[in-house]
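Some notes on the structure that comes next.
Residue numbers (our numbering): 3 to 343.
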């Protein structure tokens, strides 16, 4: 695999020539990354203007740190071969046999790829979108929590679905952002972490979904979670899972934070410290899927970051991006005996 550069189309909101990494099968053993520090710096410079609305000190500081990290990462890639993780991406012309083919590297697809390869299965993961959510300088938009509204404005990260015109809204169509690329919607959503009420799962089970009651699903919530909060008096939170969940906090120090929760209490709704605990109803801080520790502290914890990226070094996982699947052909459906895909 060899990595070369091509001039990609500029996003709607940004100007300038952007560098897009392209993987092609050229028979070489060692990948090479032809991106210079200067080109990367010039491209990143175009991103400053639309981010001026991030006027808080916290947002500006986090943005500066993310941009500096992106420049340094690209500079290191220019000086050495591409990492083993990047070389796990397949060429569209490559033939690979696998125990499982997963269509879609969204929230569920990334989890499946991690768990199946950890169990020793050979997996091919197909994603219609690109890999820019984790391996390009543009990933600073998907990694920076305060920039959460930016990826939704680009077709590279958002499918841009629209609802049917609503009669009660004078025929207006409501936008329905859905993630495109590794991590799916977990790479562009608001990072709000809500498990759901146990009664909802009980209703599912009563409707015929055997094995989906709260006692059945609760252990899996704990297994996937790395809870960074202090309050877990009921023992419902997980501490050793890959998905970081950060406790809600008053990051801006505004007095409205506590006053709002107190108003909920005075209105009779109550006040809780963790709405994913025993009691869901009431005013509470908002837990978010954000890294609360480690080298990625402060960044979005998408399923691509929590599940897929750690699995990319496994030899039994291959990922093909920009691959739209139209249908599944079973053995015998092809033109010849035994053909299929």
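Positions of the beta carbon are idealized from the N, C-alpha and C atoms, including for glycine.
Give the straight-line distance between the Cα atoms of residue i and residue j, rounded to the nearest whole angstrom.
i, j, result
"residue 238", "residue 224", "7 Å"
"residue 145", "residue 108", "16 Å"
"residue 325", "residue 331", "16 Å"
"residue 293", "residue 299", "5 Å"
"residue 270", "residue 259", "18 Å"
"residue 4", "residue 246", "Any reading at residue 4 is ruled out, since the residue's pLDDT is 30, under 50, leaving its predicted position unreliable."
"residue 314", "residue 139", "19 Å"
"residue 248", "residue 267", "23 Å"
"residue 165", "residue 327", "23 Å"
"residue 213", "residue 172", "43 Å"
"residue 155", "residue 235", "41 Å"
"residue 207", "residue 196", "20 Å"
"residue 134", "residue 329", "25 Å"
"residue 188", "residue 110", "10 Å"
"residue 100", "residue 112", "16 Å"
"residue 316", "residue 170", "52 Å"
"residue 218", "residue 199", "13 Å"
Three-state secondary structure (DSSP) at residue i?
i, result
"residue 177", "strand"
"residue 309", "helix"
"residue 131", "coil"
"residue 13", "For residue 13, the predicted structure reports a pLDDT of 33, less than 50, and the residue's modelled location is therefore unreliable. The matter cannot be settled from this model."
"residue 319", "strand"
"residue 152", "coil"
"residue 113", "helix"
"residue 326", "coil"
"residue 159", "coil"
"residue 104", "strand"
"residue 285", "strand"
Between which residues of its own chain and residue i is the CB-CB distance below 8 Å, once the five residues before and five after are set aside?
i, result
"residue 102", "114, 118, 123, 124, 125 and 126"
"residue 178", "163, 164 and 165"
"residue 168", "174, 175 and 176"
"residue 280", "236 and 238"
Is the CB-CB distance between residue i and residue j below 7 Å?
i, j, result
"residue 105", "residue 320", "no"
"residue 288", "residue 250", "yes"
"residue 221", "residue 308", "no"
"residue 306", "residue 176", "no"
"residue 190", "residue 147", "no"
"residue 286", "residue 277", "yes"
"residue 291", "residue 193", "yes"
"residue 215", "residue 205", "no"
"residue 304", "residue 185", "yes"
"residue 284", "residue 273", "yes"
"residue 240", "residue 227", "yes"
Could you name the residues of the same chain whose beta carbon sits closer than 7 Å to that of residue i, not counting the 5 residues immediately before and after it, in chain order?
i, result
"residue 132", "158, 183, 323 and 324"
Output needed for residue i: all residues of its chain with C-beta closer than 6 Å, excluding positions within five of it in sequence on either side, in chain order.
i, result
"residue 275", "233"
"residue 242", "none"
"residue 149", "143"
"residue 120", "none"
**Prompt:** What are the start and end residues of each continuous beta strand (DSSP E) run of 3 or more residues lying completely inside the segment 193-254, in chain order?
**Reply:** Counting only runs of 3 or more, we get 227-229 and 245-247.
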